[in-house]
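**Q** Below is one structure. I have some questions about it.
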Amino acid sequence: MDYSSDNFAVYLITTNAKKYTMSEKISRHPRLNEVAYKELKEKIITGEFLPGFRLKEEFLVKMFGISKTPIKLAIAKLEQDGLVVTLPRRGSYVSEINEETIKEIFSLREVLYSLAVKLAVSNISDEDFAKLEKVHLSMADDIENISLKDYIQGDNLFHHMIIEYSGNRLLRECLNPIINRIEMLKYQSALSKERRKQACREHAKIVDAFRKNNPRAAETAMKEHLDNSMNAVKTTIAG
Numbered sequence: 000m001d002y003s004s005d006n007f008a009v010y011l012i013t014t015n016a017k018k019y020t021m022s023e024k025i026s027r028h029p030r031l032n033e034v035a036y037k038e039l040k041e042k043i044i045t046g047e048f049l050p051g052f053r054l055k056e057e058f059l060v061k062m063f064g065i066s067k068t069p070i071k072l073a074i075a076k077l078e079q080d081g082l083v084v085t086l087p088r089r090g091s092y093v094s095e096i097n098e099e100t101i102k103e104i105f106s107l108r109e110v111l112y113s114l115a116v117k118l119a120v121s122n123i124s125d126e127d128f129a130k131l132e133k134v135h136l137s138m139a140d141d142i143e144n145i146s147l148k149d150y151i152q153g154d155n156l157f158h159h160m161i162i163e164y165s166g167n168r169l170l171r172e173c174l175n176p177i178i179n180r181i182e183m184l185k186y187q188s189a190l191s192k193e194r195r196k197q198a199c200r201e202h203a204k205i206v207d208a209f210r211k212n213n214p215r216a217a218e219t220a221m222k223e224h225l226d227n228s229m230n231a232v233k234t235t236i237a238g
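Numbering that gives the first Met the number 0 numbers the first residue of the sequence shown as 0 and each following residue consecutively.
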């Protein structure tokens, strides 16, 4: 299965834009700004640009072959996503994530997904359940051979579908600020094959709770899954 091609694989990353005086410039550079943003985000999330890496404008201008304005706009958008931090008189850097930040991210994730999965169990149609189960089975059937990138895309899709099926728009908006950082953590932790297998077994419990129309069991299974995910990330990143 090509996880990236599924309609549900669109990440609903909305940006609560700051009131930049550059708004007119954004409209004049929509394509260059977006290209730079997407490519930089990909490099940061997948670990090509590691935490603490300085995003020098001159370097990025040469890399993309564009002017500084689209680069500045892309960095500003990445800062809104929580992937970049800009320090006065020092420049912009890829955000670093320590153990405390990991706890904060996963605590928020657990609260939001626990609610989402309960709502989704109550709201899901037979057709949508079949889609969710298909995504799970596609990953589980290929778990021995699936690449880290494909696994992460499939995992993102599985969780995204649950948020969608919750029917709660505000839940999606609350998750948006941490979605990129969660994906970044997955790549940084270089999830082992054994952890991927364990996660698929945890997904199976969640799917089974959907099948039995049991919101409480779904919430319990989701909390177990997210707790194990946090521990795996902390072990590999924070030590």
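No residue lacks a Cβ here, since even glycine has one placed at the ideal position from N, Cα and C.
Output the distance between the C-alpha atoms of E319 and N213, rounded to the nearest integer angstrom.
**A** With the chain represented from 0 up to 238, any question about residue 319 goes unanswered, as that position is not in the structure.
**Q** For F157, tell me which candidate among A119, R168, N144 has the shortest Cα-Cα distance.
**A** Locating residue 157 in the sequence shown gives position 158, where the first residue counts as 1. Cα-wise, what sits closest to F157 is A119.
**Q** Give me the Cα-Cα distance between E126 and S191, rounded to the nearest whole angstrom.
**A** Position 127 of the sequence shown, counted from the first residue, corresponds to residue 126. Position 192 of the sequence shown, counted from the first residue, corresponds to residue 191. Taking the straight line from one Cα to the other gives about 33 Å.
**Q** How many angstroms separate the CA atom of K42 from the CA atom of S137?
**A** The residue given as residue 42 occupies position 43 in the sequence shown. The residue given as residue 137 occupies position 138 in the sequence shown. Cα to Cα, the separation comes out at about 27 Å.
**Q** What are the residues that DSSP puts in a beta bridge with Y92?
**A** As a first step, residue 92 must be located in the sequence shown, where it is residue number 93. Answer is R53, V84, bridged to Y92.
**Q** Would you say K196 reaches chain B, if we count a Cβ-Cβ gap shorter than 8 Å as a contact?
**A** The displayed structure is made up of one protein chain only, and chain B is not part of it.
**Q** Taking the alpha-carbon positions, what's the R168 to A115 distance?
**A** Taking the sequence shown and counting its residues from 1, one reaches residue 168 at position 169. Taking the sequence shown and counting its residues from 1, one reaches residue 115 at position 116. R168 and A115: Cα-Cα distance of roughly 10 Å.
**Q** When you compare the segment 134-150 with the segment 88-101, are there three or more beta-carbon pairs, one atom per stretch, that lie closer than 8 Å?
**A** Short answer: they don't touch.
**Q** Starting from the C-beta of Y204, find all residues in its chain whose C-beta is less than 6 Å away, skip the five residues before and the five after it, and write them out in chain order.
**A** Looking up residue 204 in the sequence shown gives position 205. According to the sequence shown, residue 204 is Lys rather than Tyr. Once the five neighbours on either side are set aside, the close Cβ partners of K204 are A220.
**Q** Taking the beta carbon of D154 as the centre, do at least 16 other beta carbons fall within 10 Å, making it buried, or is it exposed?
**A** By one-based count along the sequence shown, residue 154 stands at place 155. The residue is buried, with at least 16 neighbouring Cβ atoms inside 10 Å.
**Q** So, are the CB atoms of I123 and Y164 less than 8 Å apart?
**A** Within the sequence shown, the letter at position 124 stands for residue 123. Within the sequence shown, the letter at position 165 stands for residue 164. Against a cut-off of 8 Å, the Cβ pair of Y164 and I123 comes out as a contact.
**Q** Might you give, ordered along the chain, the residues of its own chain that have their beta carbon closer than 7 Å to the beta carbon of S188, omitting 5 neighbours on each side?
**A** Position 189 of the sequence shown, counted from the start, is the residue given in the question as residue 188. Excluding sequence neighbours, S188 sits near A231, V232, T235, I236.
**Q** In chain order, which alpha helix (DSSP H) runs of at least 4 residues are fully inside the segment 153-216?
**A** Fully enclosed alpha helix (DSSP H) runs of 4 or longer: 168-188, 192-210.
**Q** Label V83 either buried or exposed according to how many other C-beta atoms from any shown protein chain fall within 10 Å of its C-beta, with 16 as the threshold for buried.
**A** The sequence position of residue 83 within the sequence shown is 84, counting from 1. That one is buried.
**Q** So for E41, helix, strand or coil by DSSP?
**A** Looking up residue 41 in the sequence shown gives position 42. Three-state DSSP puts E41 in a helix.
**Q** Specify the secondary structure class of E78 as computed by DSSP and reduced to three states.
**A** For the purposes of this step, residue 78 is taken as the residue at position 79 of the sequence shown. E78: helix per DSSP, three-state reduction.
**Q** Counting C-beta neighbours from all protein chains within 10 Å, is the total for D80 16 or more, i.e. buried, or is it exposed?
**A** Here residue 80 refers to the residue found at position 81 of the sequence shown. Per the 10 Å Cβ criterion, buried.
**Q** With a CB to CB cut of under 7 Å and the five nearest residues on each side skipped, what residues in its chain are close to E218?
**A** Locating residue 218 in the sequence shown gives position 219, where the first residue counts as 1. These residues qualify, in order along the chain: S113, V116, K117.
**Q** Roughly how many whole angstroms lie between the Cα atoms of R88 and R215?
**A** Locating residue 88 in the sequence shown gives position 89, counting from the first residue. Locating residue 215 in the sequence shown gives position 216, counting from the first residue. Near 51 Å, if we compare the C-alpha coordinates of R215 and R88.
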